[in-house]
Structures are given as C-alpha cells and as structure tokens.
Amino acid sequence: MRARDLAGPYPTVSADADALDAARLLIQERLPALLVLDRDDHPYAVVPSARVIGALLPWYMREGPIPTTVVDVHFDEEAREGMAGRSVTDWLPRGRITPAVVGPDAPPSQIAALMARKDTPIVAVVERNSDKATLIGAVTATALLEHIIGGS
C-alpha cells in the first residue's frame with residue numbers, strides 16, 4: 001500500500017479565498033483541517049479545525065486566563081465579523097502549519113511519521129512531473145488508522 005492508494009479527494013481552498021467561506025467548507029464537509037493552496041495550486045498550509053476556532057477568539061481569550069464568569073453574548077457575531085471580508089491568508093492563525101507533503105509512492109510509515117511530527121490530521125499527496133506538481137489528494141488520519149489497525 002502506498003500514498004496514492006490511501007489518498008482520497010480532499011476539498012481545498014485557495015490562500016486568496018474568503019475566510020468565512022473557507023470556515024463554512026470545514027463545517028459542510030466535516031473536515032479535520034483546511035488544506036490551503038497557493039496561487040500555483042501547491043499545498044501552502046494546513047489549518048486544523050481547532051486552530052480555526054482559535055483564530056476566532058479575541059486575543060484576551062487566547063492569551064490570558066479564560067473568563068469563566070463573563071459570558072460574552074456578542075461572541076458569535078464578533079467572530080463572524082472578524083472573518084468577513086478577509087482572505088484565508090489574512091486570517092490564518094499565527095504559527096501556520098506548513099503542510100506535510102509526500103509523493104504517491106510514500107509508504108504508510110512515512111505518512112504516519114509526518115502526521116506525528118507535524119501534529120497534522122492530513123498529509124497532501126503530490127505527484128511531480130519535471131517542474132510541475134499536481135495534488136492527487138490527501139491522506140487523512142482516519143484513513144491511515146483504518147489501514148493500520150483495520151475498521152470496526
């Protein structure tokens with residue numbers, strides 16, 4: 001079994017895409033992470049869902065003590081407004097995770113090692129022909145686990 005066998009189609013967003021639309025893609029497709037492509041359609045970033053949620057929070061909730069006694073009734077609205085009109089690149093959380101990328105012949109052990117090292121739930125599979133690279137799909141942590149330990 002190789003990366004090409006484990007990879008499946010994976011929805012992507014461009015770095016220039018609308019941030020709110022990108023977040024909606026996570027919801028609609030129930031994705032573990034956004035796979036962001038650059039202008040040349042190469043993997044640019046992986047943003048796990050938890051990081052997307054973190055990007056919605058005001059700085060004082062990310063960096064300071066979590067306010068347990070104060071309920072911000074405007075949080076949902078403010079979070080949406082914070083994304084409105086911004087591109088994915090403008091909105092990417094600090095500490096962007098560069099995507100783990102493998103070729104189509106990569107073995108499952110290499111994919112597993114990359115997922116663990118980069119703490120990412122997806123690995124992009126890219127085929128290179130001379131100076132052109134084509135995204136084949138992505139291997140999700142779930143697909144890899146199913147291969148390694150079997151389904152239910």
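Take 1 as the starting number for the sequence shown in full-length UniProt numbering and just add one per residue.
For each residue, glycine too, the CB sits at the ideal point set by N, CA and C.
Note that the coordinates shown come from a computational prediction; the quantities given were computed from them, not determined experimentally.
Residues Leu-20 of the same chain have their beta carbon placed closer than 7 Å to that of Ala-84, with the five preceding and five following residues left out of the count.
The stretch 128-145 makes no contact with the stretch 13-30; the number of CB pairs closer than 8 Å stays below 3. Secondary structure at Pro-104: coil, using DSSP grouped into helix, strand and coil.
Between the alpha carbons of Val-88 and Lys-132 lies a distance of about 24 Å. Contact check between the stretch 10-19 and the stretch 108-115: fewer than three CB pairs, one atom from each, fall below 8 Å, which does not count as touching. Restricting attention to alpha helix (DSSP H) runs no shorter than 4 residues, the UniProt domain "CBS" (9-56) encloses them at 19-29, 49-56, ordered along the chain. Under a 10 Å Cβ-count criterion, Thr-120 is classified as buried, with 16 or more other Cβ atoms of the shown protein chains found around its own Cβ. Distance from the CA atom of His-74 to the CA atom of Ala-22, rounded to whole angstroms, is 22 Å. With respect to the 8 Å criterion, Ala-7 and Val-36 are not classified as neighbours on the basis of their beta carbons. According to DSSP, residue pairing for Glu-127 in a beta bridge involves Thr-134. With respect to the C-alpha of Gly-54, the residue from Arg-39, Leu-92, Arg-128, Glu-81 having the closest C-alpha is Leu-92.
DSSP, reduced to helix, strand and coil, places Thr-142 within a helical segment of the structure shown.
Per the coordinates, the alpha-carbon of Ala-3 lies some 6 Å from the alpha-carbon of Asp-105. Around the beta-carbon of Leu-34, 16 or more other beta-carbon atoms lie within 10 Å, marking it buried.
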